[in-house]
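All remarks here apply to the structure that follows.
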Amino acid sequence: MTDLMPARVRFAPSPTGRMHLGSARTALYDYLLARRTGGTFILRIEDTDRKRYVEGAEEELIEGLRWLGLNYDEGPDIGGPYGPYRQSERREIYYHHAWELVERGAAYPCFCTPDRLAKLREEQMRRKENPHYDGLCRHLDLGEARRRIANGEKYVIRFKMPKEGVTTAVDLLRGEIHTANNVLDDAVLLKSDGLPTYHLGAMVDDHLMKITHVIRTMEWLPSLPLHVNIIRAFGWDEPVWVHPSVFLKPSGKGKMSKRDAADAMKDGYSIYLGDMRALGFIPEGVLNWIALMGWGVPEDDIMTLDEMIQRFDIRNLTPSPAAINFARLDHFNAAHIRRLPTEELAARIKPYFLNAGLQVDDERLLRIVPLIRERLVTLDDCLPFAAWFFKENVEPKPEELVAKNLTPAQSAEIARKAFEVLSGLPVLTVESAEPPMRALVERLGLSPGQVFGILRVAVTGQTVSPPLFESMEIVGKEKVLQRLQRAIEMLERM
RNA sequence: GCCCCCAUCGUCUAGCGGCCCAGGACGUGGCCCUCUCAAGGCCAAAACAGGGGUUCGAGUCCCCUUGGGGGCACCA
Numbered sequence: 013m014t015d016l017m018p019a020r021v022r023f024a025p026s027p028t029g030r031m032h033l034g035s036a037r038t039a040l041y042d043y044l045l046a047r048r049t050g051g052t053f054i055l056r057i058e059d060t061d062r063k064r065y066v067e068g069a070e071e072e073l074i075e076g077l078r079w080l081g082l083n084y085d086e087g088p089d090i091g092g093p094y095g096p097y098r099q100s101e102r103r104e105i106y107y108h109h110a111w112e113l114v115e116r117g118a119a120y121p122c123f124c125t126p127d128r129l130a131k132l133r134e135e136q137m138r139r140k141e142n143p144h145y146d147g148l149c150r151h152l153d154l155g156e157a158r159r160r161i162a163n164g165e166k167y168v169i170r171f172k173m174p175k176e177g178v179t180t181a182v183d184l185l186r187g188e189i190h191t192a193n194n195v196l197d198d199a200v201l202l203k204s205d206g207l208p209t210y211h212l213g214a215m216v217d218d219h220l221m222k223i224t225h226v227i228r229t230m231e232w233l234p235s236l237p238l239h240v241n242i243i244r245a246f247g248w249d250e251p252v253w254v255h256p257s258v259f260l261k262p263s264g265k266g267k268m269s270k271r272d273a274a275d276a277m278k279d280g281y282s283i284y285l286g287d288m289r290a291l292g293f294i295p296e297g298v299l300n301w302i303a304l305m306g307w308g309v310p311e312d313d314i315m316t317l318d319e320m321i322q323r324f325d326i327r328n329l330t331p332s333p334a335a336i337n338f339a340r341l342d343h344f345n346a347a348h349i350r351r352l353p354t355e356e357l358a359a360r361i362k363p364y365f366l367n368a369g370l371q372v373d374d375e376r377l378l379r380i381v382p383l384i385r386e387r388l389v390t391l392d393d394c395l396p397f398a399a400w401f402f403k404e405n406v407e408p409k410p411e412e413l414v415a416k417n418l419t420p421a422q423s424a425e426i427a428r429k430a431f432e433v434l435s436g437l438p439v440l441t442v443e444s445a446e447p448p449m450r451a452l453v454e455r456l457g458l459s460p461g462q463v464f465g466i467l468r469v470a471v472t473g474q475t476v477s478p479p480l481f482e483s484m485e486i487v488g489k490e491k492v493l494q495r496l497q498r499a500i501e502m503l504e505r506m
């Protein structure tokens, strides 16, 4: 039960693009572990690549976490005892640590130019060798190296990977991983621009920030032995390593690509968190969906964030890759929409009506919600079901007013009879209107669908709607009769 | 090419040597309910990749094969 000790866990994205589902899941697992153990959830921005930096990416990341409700305890915008939390603001720290490794004989300055490295790689490829650094600068005299640096020569600092032996690392989900050191490369730790690579930056920060568990996708697994060696060279303790697998495209063949992302968009889905809200997905649904791609629970898999915290166990994550399945997203989204209290759902769908240019009466909205709740897969589904409630007039298609197997004239006759029944009521409610209307159906020897269908199209303007009598009660007797009268006229003109 | 990881229904998964002729969920098909569309209820089809071991006993442990995924940057 050692992992019930309060964990310090960090979500460490790089601001190089949009926040996608994969990052969101990693952040979620980080969050769950931290909350489950009464620990700390930290956001750290790994912005050491100036070339790939994307303006606004950090904001999208923060906005995404906020939307999902994955609130962090320490981070670049809120500070904390181990800051700064943006790597670009920690250059000196990495510089000193890189040189400490040089001093310890575990790293060395390297003056090879990108040009030489490119040629080297090219030649190795031609000889069908593994691309790797050939170690030209590995045995350079340190004093000489310092002189060249003092002369202003560009350099990087490389890790001096042991040439012999085997590195054993332990992943919580996969057990021991053995790697022969001779297949490992002398990786660059400090770039010529003075900023660290991931290998140095992440290891140094994880140590300094007292990170206990590192959760990252398995694309990092190949560099785990490197990281373990770096940590050992410093003489530090290792965190617990957890490498969940990556998400595969819906076909199960390979990682999601730009093209797959575009395909998803065409179907009304997205792999980008920033799109999800506009598409009508709610955080509860998205969270539940991504949580269970890589984590299995025996049953009762509809869970809120709090319920997930209660049931989370880092050891139950699965090591195998998971294909994205948008049909399941629909399912989880709809399930959580159904769970929302009326007031809450009303508040969440209101913006969709407003954006459609409709005027929303809050009291009426509250009465509509129970009628459409179980019909919504995404929040924006509220429009096709209920937009007509907020319109002054509806525009039924004449042909849709004609009941199945009946003529326009017959349909008009039925509508007139219905008008008589409804207009005779003191008030139009489900209780007052439904029994006499059913009696009418009986008397006419027709099916409920035929008679109610005419009314539905007349009153709502559409063939699919929330339950008819409940809807009419909300619309009100006066307007119902008005619309019915108009429908009768339309039918008579056919 | 080299290195690493993974392997239960179409998909996400439960299973941590006997409780499994393998359970749940999504999706699919059927039925019920029904004023449309949903929701809900019931039922059905659907999997331990293959081959060797270990063991009284293997989906569960080991090895090989096959298949899939990932990585081989002064990117993360």
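Per my numbering, the first sequence runs over residues 13 to 506. All C-beta atoms, glycine included, are put in the ideal place defined by N, C-alpha and C. Remember, predicted model here, so these are calculated numbers, not experimental data.
Nearest neighbour of residue i, chosen from the options [CA to CA]
{"i": "residue 345", "options": "380, 33, 30, 298", "result": "298"}
{"i": "residue 312", "options": "320, 306, 365", "result": "320"}
{"i": "residue 535", "options": "115, 58, 38, 59", "result": "Given a span of 13 to 506 for the chain in the structure shown, any question on residue 535 remains unanswerable."}
{"i": "residue 25", "options": "169, 303, 229, 166", "result": "229"}
{"i": "residue 460", "options": "372, 447, 335", "result": "447"}
{"i": "residue 240", "options": "199, 205, 272", "result": "199"}
{"i": "residue 80", "options": "359, 221, 316", "result": "316"}
{"i": "residue 174", "options": "168, 478, 195, 164", "result": "195"}
{"i": "residue 247", "options": "331, 109, 203, 207", "result": "109"}
{"i": "residue 493", "options": "292, 78, 293, 430", "result": "430"}
{"i": "residue 304", "options": "277, 406, 332", "result": "332"}
{"i": "residue 161", "options": "184, 122, 131, 142", "result": "122"}
{"i": "residue 270", "options": "19, 411, 469, 30", "result": "30"}
{"i": "residue 235", "options": "197, 256, 267, 272", "result": "197"}
{"i": "residue 465", "options": "496, 443, 243, 75", "result": "496"}
{"i": "residue 113", "options": "352, 382, 443, 202", "result": "202"}
{"i": "residue 450", "options": "469, 481, 477, 423", "result": "481"}
{"i": "residue 487", "options": "399, 171, 409", "result": "399"}
{"i": "residue 406", "options": "470, 23, 124", "result": "470"}
{"i": "residue 472", "options": "440, 177, 402, 266", "result": "402"}
{"i": "residue 453", "options": "425, 437, 478", "result": "425"}
{"i": "residue 338", "options": "302, 21, 218, 386", "result": "302"}
Bridge partner(s) assigned by DSSP for residue i
{"i": "residue 23", "result": "55"}
{"i": "residue 335", "result": "260"}
{"i": "residue 514", "result": "What the structure shows of the chain is the stretch from 13 to 506, and residue 514 is not part of that stretch, so it cannot be assessed."}
{"i": "residue 32", "result": "284"}
{"i": "residue 307", "result": "329"}
Three-state secondary structure assigned by DSSP to residue i
{"i": "residue 183", "result": "strand"}
{"i": "residue 246", "result": "helix"}
{"i": "residue 98", "result": "strand"}
{"i": "residue 501", "result": "helix"}
{"i": "residue 199", "result": "coil"}
{"i": "residue 329", "result": "strand"}
{"i": "residue 66", "result": "coil"}
{"i": "residue 178", "result": "strand"}
{"i": "residue 4", "result": "With the chain running from 13 to 506 in the structure shown, residue 4 is simply not present."}
{"i": "residue 208", "result": "strand"}
{"i": "residue 223", "result": "coil"}
{"i": "residue 228", "result": "coil"}
Exposure of residue i, with buried meaning 16 or more beta-carbon neighbours within 10 Å
{"i": "residue 367", "result": "exposed"}
{"i": "residue 506", "result": "exposed"}
{"i": "residue 17", "result": "exposed"}
{"i": "residue 137", "result": "exposed"}
{"i": "residue 419", "result": "exposed"}
{"i": "residue 151", "result": "exposed"}
{"i": "residue 414", "result": "buried"}
{"i": "residue 28", "result": "exposed"}
{"i": "residue 274", "result": "exposed"}
{"i": "residue 322", "result": "exposed"}
{"i": "residue 139", "result": "exposed"}
{"i": "residue 348", "result": "buried"}
{"i": "residue 388", "result": "buried"}
{"i": "residue 154", "result": "exposed"}
{"i": "residue 417", "result": "exposed"}
{"i": "residue 435", "result": "exposed"}
I'd like the ranges of any beta strand (DSSP E) spanning at least 3 consecutive residues and lying wholly in the region 101–174.
Taking only runs of at least 3 residues, the beta strand (DSSP E) segments lying wholly in the region 101–174 are 119–122, 168–171.
Within the region 355–432, ranges of the alpha helix (DSSP H) (whole runs, at least 4 residues):
Counting only runs of at least 4 residues, the region 355–432 fully encloses the following alpha helix (DSSP H) elements, listed from N- to C-terminal order: 374–384, 394–398, 410–413.
Enumerate, from N- to C-terminal direction, the unbroken beta strand (DSSP E) stretches of 3 or more residues contained entirely within the region 244–291.
Whole beta strand (DSSP E) segments, 3+ residues: 252–254.
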